[in-house]
Amino acid sequence: MRLDVKGIINTPGDGIAFNEELDLSDVDFGGVRPAVRPVSVVGAVRNIAGMLWLTADVDTTLSCVCDRCGAPFEKPFHVSLERMLATELEDEENDEILLLDDGAFDLDELAREAFILNMDTKTLCREDCRGLCSGCGANLNLEPCRCKRETDPRWAALRQLL
Ligand SMILES: [Zn+2]
Ligand SMILES: [Zn+2]
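Final position of the sequence shown in our numbering is 235; the numbers increase by one with none missing.
Below, the structure is given as C-alpha cells:
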C-alpha cells in the first residue's frame, strides 16, 4: 500500500493511522516460505513539531521447519519499526530516514524489507533441540539413539578380534 502523507506534512499534531494485512507468502528463506499467514502492519505517521515520524508493528505467526531435527513448528514474529520521513535526504548514510516520493512512500515495501532483515538465520524448534542422530536418524528429542542396537553383527565380531 502506498501511503500518502502530504495532508499532514504542514500540520503539526496531525497523524495518519494505518492497519493492513500483507501477503508475504512468497518470501523464501532457503527453500522455506514461513509467512503462510497474513502479516499485520499496524501503526501511524505523526507530525511531531514539523517532523514526520512513522511507527509500525509488523506481526505474524510463522510456519517453520527446524534446521536441526526437521520438525515443523509455529513461531510468533514481531518487529517494531521507527523511521523519520523526509522529503529530501541530507545524510545518505542514515538509513533510519525514509525518503518520500511525491509526499508518499510504499508501506508494503518497508514492511517486507523489515520482515526479511529480521528473520532469524537459524530456525530451531527449541533452543536446545538435540536434532537427528547422523547414524540412525532418530529424532533425539523424542527417542533414544538406536545406533548401538543396530550395529551390524559382523562389525561386533570384528570389534572383539581387535
Ligand atoms: Zn528441532
Ligand atoms: Zn543413532
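From the three backbone atoms N, C-alpha and C, an ideal C-beta is built for every residue, glycine too. Every value quoted in this text rests on a predicted model; they were computed, and no experiment measured them.
### Query
Could you check where the alpha helix (DSSP H) with Leu180 kicks off and where it finishes?
Position 107 of the sequence shown, counted from the first residue, corresponds to residue 180. That run of the alpha helix (DSSP H) goes 180–190.
### Task
Can you tell me which of Leu135, Arg106, Asp77 puts its alpha carbon nearest to the alpha carbon of Phe150?
Position 77 of the sequence shown, counted from the start, is the residue given in the question as residue 150. Ranking Leu135, Arg106, Asp77 by Cα distance to Phe150 puts Leu135 first.
### Message
Using a Cβ-based criterion (distance less than 7 Å to any ligand heavy atom), does Cys137 qualify as near ligand 1?
### Response
Translated into positions along the sequence shown, residue 137 becomes position 64. The answer is no for Cys137.
### Query
Pick from Ser153, Arg141, Arg203, Pro217: whose alpha carbon is nearest that of Ser113?
Position 40 of the sequence shown, counting from 1, holds the residue named residue 113. That would be Ser153, whose Cα lies nearest to the Cα of Ser113.
### Query
Thinking just about the alpha-carbon of each residue, which of Ile189, Asn120, Leu215 is nearest to the one in Asp132?
Translated into the one-based positions of the sequence shown, residue 132 becomes position 59. Residue Ile189 is the option with its Cα nearest to Asp132.
### Query
With respect to 7 Å, is the separation between the Cβ of Leu76 and the closest non-hydrogen atom of ligand 4 below this value?
With respect to ligand 4, the structure shown offers nothing to examine, as its ligands consist of ligand 1 and ligand 2.
#### Entry: When Val118, Gly103, Glu94 are compared against Glu155, the one with the closest alpha-carbon
Taking the first residue of the sequence shown as 1, we reach residue 155 at position 82. Answer by Cα proximity: Val118.
### Counted within 10 angstroms of its Cβ, other Cβ atoms place Gly80 as buried (16 or more) or exposed
Here residue 80 refers to the residue found at position 7 of the sequence shown. With fewer than 16 Cβ atoms within 10 Å of its Cβ, Gly80 is classed as exposed.
### Message
Tell me the DSSP secondary structure of Lys148 in three-state form.
### Response
In the sequence shown, the residue the question calls residue 148 occupies position 75. Looking at Lys148 - three-state DSSP - the assignment turns out to be strand.
### Message
Distance check for Ala90 and Gly208, CA to CA, integer angstroms please.
### Response
For the purposes of this step, residue 208 is taken as residue 135 along the sequence shown, with counting starting at 1. For the purposes of this step, residue 90 is taken as residue 17 along the sequence shown, with counting starting at 1. Each residue's alpha carbon lies about 55 Å from the other.
### Task
Compute every distance between the C-beta of Leu213 and the non-hydrogen atoms of ligand 1, then say whether any falls below 7 Å.
As a working note, residue 213 is residue 140 in the sequence shown. Not under cutoff, so the answer is no.
### Query
How far does the beta strand (DSSP E) with Ile82 in it reach, from first residue to last?
One-based indexing of the sequence shown puts residue 82 at position 9. That residue, Ile82, is in no beta strand (DSSP E); it is neither H nor E in DSSP.
### Message
Alpha carbons only, please: which of Lys148, Gly176, Lys221, Asn191 is nearest the one belonging to Thr160?
### Response
If you number the sequence shown from 1, residue 160 lands on position 87. Answer by Cα proximity: Gly176.
### Query
So what does DSSP say about Met74, is it helix, strand or coil?
Working through the sequence shown from its first residue, we reach residue 74 at position 1. Residue state, collapsed to three classes: coil.
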